[in-house]
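Let me begin by presenting the structure, written as structure tokens, before commenting on it.
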Amino acid sequence: MTSQDPEHGDQTAHEQAYVTRLYGRLDALRAQTRARLAEVSHDTGGTAQARTERDVAFGEHTRRLARLDAAENRLCFGRLDLGGGERRYIGRIGLWPESGDGDPLLVDWRAPAARPFYVATPAVPKDVRRRRHILTRGRRVVSVDDETLGEDGDAPAAETLAGEAALLAALNTGRTGRMPDVVATLRAEQDAVIRSDHRGVLVVQGGPGTGKTAVALHRAAYLLYDRPRLASQGVLVIGPNPTFLRYIGQVLPGLGETGVLSATVADLFPGVRADRAEPAAEVKGRAVMAEVLAAAVREYQAPPGAEVRVEFDTETLVLEPEVIARAAARARASRLPHNQARPGFVATLVGHLARRLAERTRELADRIEADVAGILAEADVDRAVRADLAALGLPEEPETPRQEIGGEDDVRDLRRALASDPAVRRALDALWPALTPRRLLEDLFSDPRRLAAVAPGLDEAERASLVRAPGGWSTADVPLLDEAAELLGVDDRAERARAARDRARRVAYAQGVLDIAAADDDGEVLTAGDLLDARRLADRHEESGDATVAERAAVDRTWTFGHVIVDEAQELSAMAWRMVMRRCPGRSMTLVGDLAQTSDAAGATSWDEVLRPYAGDRWRLARLSVNYRTPAEIMDAAAGLAADLGVEAAPPRSVRRTGVLPWRAAARDLPAVLARHAAREAAALRGGRLAVIVPDGRRDELVAAVRAAVPGAAFGADPDLTAPVVVLGVRQAKGLEFDAVLIADPAAILAASPRGRNDLYVAMTRATRRLGVLHPGPPPAEIADAVPELREAADDGPHAGGAEPRDTGQGV
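Residues 489 to 1300 in my numbering are what the sequence shown spells out, letter by letter.
Here you go:
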């Protein structure tokens, strides 16, 4: 049904009235929430418990206001007319009448009552007679699109594209450089993944254009709605690069969720900036590197050798190899990380030295006592003294018990003295040093001898590729730093003791404040509850501002999340997976990716190989089979590449044809030809977005050429995707989409990496409308027959290259 329907009248006007009512309710709720927030902000009195409750209320009102503000754009986007006459409006949030009674004015898209909007079909109508898509701009309804289901509809034999008009309108809209949410046009297979109740690892395999990223982000929003306890643990969304994260950055806030942490693999080790080039990424990504690092740590743990001499005071103490070995074995038996096991190792050796020194002291004292006793015996001093006492009429003095020299008290004193002696500490540090992850890796990668000792499983060339001078870190280093941190641990005893002292001082101060308050309150006697309030008051002031879960998690390497979502999951190396799994010990994860698009040399070729070591059989595979982004003409051209990649799943089925074939053209002078085509294509798009995808080896040269023709073209490590034209390397383009794409020098892209075919497949499937390929030499076999050659027109027409191959095939 259209906006004007003979039977139902002006439906646009009808829905406008209802949408206006919804916005009125939204505005009222915003005003109420702002008023409560202001009231809570000005309330500074009451007991400590009341102030704690105020802080909780402040956080709740702040989050509620953020959700209400996020609902402004396309507040309501759908309506369900059910068999019994019930009518449900579907939107971004749930809205209830002011009285709180009766049916909701608007059903949250995540609520079970909204699910028929996404999954009902003519064949399985789910009691839905009519599904209406409502398109708005701002607060104005611009059109409605109806589908008749159930008894009033004819169920076709073949599956139809539900909500085709609304979906195609969204697909044909020009890109903006920022991913929009697709909450109004989600398909049934996407909705099934988003609402999946699987509690283990859910893998979503989907080819280009299937909406994997949209599914991942909407699943994050759904889980926070369906499992409220996740809000305290947080949800982590991992993306392939910073450009991608900026591209998707508005989706979750637009869905009312701001507490999700988005990060790349390189961001998962706080304090490290991973901006160093990495020639050995594939080697560093292998699982064997975990064994290499463990062996490197053991190298620092009392390496076998000669005895160690320790100078203390005027003594030279000796630690024999077997003594050192026993102390090391005892420390390792604790199964503590290196730095946490170190105090036990040190204590064992300090105790040994203290006992050794006490024995020497006792032996010396015994010798001195024996010598003195001999001298006194020869002089018979005792008999002379007794005679003198008798002559004076005085009794003999009782014999005083001799204090034991070298006893336990002396041993304790010696332990303290030894432990604080600089020379002793230096000697023990050399045997079992305190290490940081950075020092461990820098020492390892700068020392070929050490590498050879700890990495026998790598060949000479692989070890040589790891050798480098200290300074800077790469993305491939980050999982290794994280692994090292796990192996080393942190000896935080001193820090915990300091924190305990500081907290005791804060509690004492807070108790003093409460004492004064109680004294002013008619001399009321304090109770145990008042002390608890003092602790709460101290803890409240200890917290740094109003940091969200995401903000706290971002700076805490050991934070564990309630759920982790990984986009482009096929790109993670084995070492990266070890790091990611540590972030989610409960293994509640959603992984979205496409093995056919694996570009990283250390990336995945099998989901089972990746996940079985961590999840066993607690992982499930779901597939997305429909391509909503890439036209059938482009997917047909890329089909040969997809077949060559050896991936079991068939490429996704495109839902539309545009009538525009991809094209290729020879370009002996590639920079000049590329510049000309980029300028023409940008002009033809009229407000859309063009990506020029180039091989990394020619990026500087081709960027300069494109920018000369299109001065505003964006480029660089983190380019502005909202620019009309952007120049990207293949890896930068992963997960992104553009109205048109120009690929420069496909042969160089194929040759640049062992997975060059995967890279070219990625590049060819980024466009929503148009694709052109420029090859300076003969076209690579992968595209020679699949992509038709461009036939130049006599004049500069509106299309790239002056002419445009057309497809006579009809739409889906």
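The C-beta atom is built at its ideal place from N, Cα and C for all residues, glycine as well. Given the structure is predicted, the values throughout are model-derived calculations rather than measurements.
Residue burial is scored here from C-beta neighbours: S1087 has at least 16 other C-beta atoms within 10 angstroms and is therefore classed as buried. Around the Cβ of E527, a 10 Å sphere holds fewer than 16 other Cβ atoms; the residue is exposed. Cα atoms of E847 and G793: separation of roughly 26 Å, rounded to the nearest angstrom. If you compare the alpha carbons of Q504, R938, E1097 and V1198 with that of A1062, the shortest gap goes to E1097.
In the three-state reduction of the DSSP assignment, N1246 falls in the helix class. Fully enclosed alpha helix (DSSP H) runs of no fewer than 4 residues occupy 1095-1103 and 1120-1132 of the segment 1076-1153, in order along the chain.
Rounded to whole angstroms, V834 and L975 show a C-alpha spacing of 18 Å. With contacts defined by Cβ atoms closer than 9 Å, L749 and L724 form a contacting pair.
The DSSP assignment places 1178-1182 as complete runs of the beta strand (DSSP E) inside the segment 1156-1192, in order along the chain (cut-off: 3 residues).
In terms of CA proximity to L514, R555 leads the group R555, R625 and A782. Per DSSP, S720 is one residue of the alpha helix (DSSP H) stretching across L718 to Q721. The DSSP-derived three-state label of W961 is strand. Between Q1058 and A1092, the beta carbon gap of about 5 Å places them in contact (Cβ cut-off 8 Å). Nearest to L756 by C-alpha distance, out of P730, V612 and T500, is P730. Just so you know, the alpha carbons of I726 and T661 end up roughly 27 Å apart. Note: S750 is bridge-paired with V725 in the DSSP secondary-structure output. Relative to the Cα of R844, the nearest Cα in the group R818, A1172, S631 and E808 belongs to E808. Your pair L968 and L929 checks out as a contact, with CB atoms roughly 6 Å apart and the cut at 8 Å. Taken through DSSP and simplified to helix, strand or coil, H686 comes out as coil. Looking at the DSSP output, Y713 bridges to nothing. Going by C-alpha positions, G512 is about 15 Å away from S587.
Counting of Cβ neighbours within 10 angstroms places S1142 among the buried residues, the total reaching 16 or more. By the Cβ criterion, the segment 1114-1131 is in contact with the segment 1148-1161, since at least three pairs of Cβ atoms, one from each stretch, lie closer than 8 Å. The secondary-structure analysis by DSSP pairs C1072 with nothing; it has no beta-bridge partner.
Beta-bridge analysis with DSSP links E635 to R619.
Between A1110 and V691, the C-beta spacing is below 9 Å. By the Cβ criterion, the segment 771-788 is in contact with the segment 955-968, since at least three pairs of Cβ atoms, one from each stretch, lie closer than 8 Å.
Here the segment 1272-1281 makes no contact with the segment 1237-1251; the two share fewer than three CB pairs at distances below 8 Å. If you draw a straight line from the Cα of A819 to the Cα of H706, it comes to about 48 Å. With 16 or more neighbouring CB atoms inside 10 Å of its own CB, V798 falls in the buried class.
According to DSSP, A1232 shares a beta bridge with L1262. Rounded to whole angstroms, the gap between the alpha carbons of G547 and P758 is 26 Å. The way I'd put it, the segment 1223-1241 does touch the segment 1166-1182; three or more beta-carbon pairs between them come closer than 8 Å. The straight-line gap separating the alpha-carbon atoms of R575 and R562 is approximately 19 Å. In this model, A719 and G747 are separated by some 7 Å (Cα to Cα).
Separation of the CB atoms of T963 and V753 is rounded to 6 Å, and the pair is thereby assigned contact status at 8 Å.
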